[in-house]
Ligand SMILES: Nc1nc2c(ncn2[C@@H]2O[C@H](COP(=O)(O)OP(=O)(O)O)[C@@H](O)[C@H]2O)c(=O)[nH]1
Ligand SMILES: [Mg+2]
């Protein structure tokens, strides 16, 4: 497997992006979320016509990347396929998972439907488990208002420990603030303190044991708590991908940003 | 307590039911929970595909297709109107 790893899936996608002079930007942002939450609308609103749509290497999944400029910095945005879970169940979901987990984005924006926040928060918590640089974009605020749903933005921020930005992407409402937030998070200007999910005591004990062993193997390449959780899940698809990531990152030293 | 429990597969199109539990274990269980099928969730059977399987369900604001091998794993009970 060793040799082919560099040229497939997430690695080929990231490599291709690094080599494309058009996408030589200051930060790469993943746009994730459940299907139909307005990811592509946010994407279009921010990038306008500066877009490029292509195939994910080795899969029939199409995804778009685009660029915008904010306060003198160039930002790449990747519009990922919709997913309910990082436990991927289809090629589409696997692409989203691989980019979030192994693509090293400088920030991940989870676009959520404010009219059914509960269901959307599951993915938010899963993303927060892998990266502290998570932003919650609460979209469809107009629809939520129509349904008399009031969102306590400050309360949410406090509970989650991540920035929450309400938007009406279809009217470009809130997108300026989203740009500011992305800028601060991706360029390390904002202290992030995401609330971690605490599991049952037996699981926490197993995690502690596994993490201690994993630290040595991972050497900071991946978040050890997250890897330990995946080992406990026993999802062989993601465990294989973790292995591939570790092999690839040892053979491509110095590519870390 | 006296309300009968049945498998989600048996819910007719147009019908509503409330999730009681998931029989599956491991990854399938996690996956179904991630789709929003946690206990007490109300589910509506919206439509059948031409082949009768999968069936589209409305779950917590999203339309999600489940194959019968998945919906069979979900125990539900009828909604009681009050
Ligand atoms: N009312 C309203 N509709 C929106 C908003 N953002 C997106 N939409 C609509 O929601 C639908 C799904 O949006 P899309 O961007 O394709 O969602 P995606 O599947 O997450 O990429 C489209 O019909 C959009 O026009 C919003 O803020 N308010
Ligand atoms: Mg889209």
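Protein chains in written order, with my numbering: chain A, 1 to 257; chain B, 1 to 82.
Where a beta carbon is used, it is the ideal one built from N, C-alpha and C, also for glycine.
Values in this document were obtained by computation on a predicted structure and should not be read as measured data.
With a contact defined as Cβ atoms closer than 8 Å, residue 89/A and residue 67/A miss out at about 31 Å.
For the pair residue 177/A and residue 148/A, the Cα-to-Cα distance works out to about 24 Å.
Nearest to residue 67/B by C-alpha distance, out of 49/B, 12/B, 36/B, is 49/B. Put simply, the backbone Cα of residue 245/A is about 7 Å away from that of residue 102/A. When the five nearest sequence neighbours on each side are left out, the beta carbons in the same chain lying within less than 6 Å of the beta carbon of residue 64/A are those of 51, 53, 79, in order along the chain. Here the segment 135-148 of chain A makes no contact with the segment 17-35 of chain B; the two share fewer than three CB pairs at distances below 8 Å. For the 8 Å CB-CB criterion, residue 32/A and residue 96/A form a contact. At a C-beta separation below 7 Å, residue 36/B has these neighbours in chain A: 119.
At a cut-off of 8 Å, the C-beta of residue 115/A has a neighbouring C-beta in chain B. Among the CB atoms of chain A, one or more fall inside 8 Å of the CB of residue 27/B. When CB distances to chain B are screened at a threshold of 9 Å, the residues of the segment 34-60 of chain A falling below it are 34, 35, 36, in chain order.
The beta carbon of residue 32/B is closer than 6 Å to those of 22 in its chain, skipping five residues each way along the sequence.
Ranked by how close their Cα comes to the Cα of residue 57/A, the residues 94/A, 35/A, 73/A have 94/A in first place. Closest option to residue 38/B, judged by alpha-carbon separation, among 69/B, 44/B, 80/B, 18/B: 18/B. Beta-bridge partners assigned by DSSP to residue 73/A: 70/A.
Under DSSP, residue 75/B shares a beta bridge with 7/B, 21/B.
Pairing residue 137/A with residue 168/A gives a Cβ-Cβ distance that is not under 8 Å. The Cβ atoms of residue 159/A and residue 203/A do not sit closer than 8 Å to each other. Distances taken from the Cβ of residue 176/A to the heavy atoms of ligand 1 include none shorter than 7 Å.
The bridge partners DSSP lists for residue 139/A are 113/A.
Checking the DSSP bridge columns, you'll see residue 52/A partnered with 65/A. Counted as a single uninterrupted DSSP element, the alpha helix (DSSP H) harbouring residue 214/A occupies residues 201-218. In terms of CA proximity to residue 206/A, 229/A leads the group 229/A, 175/A, 197/A, 190/A.
In this structure, DSSP gives residue 51/B a state outside helix and strand, which the three-state scheme calls coil.
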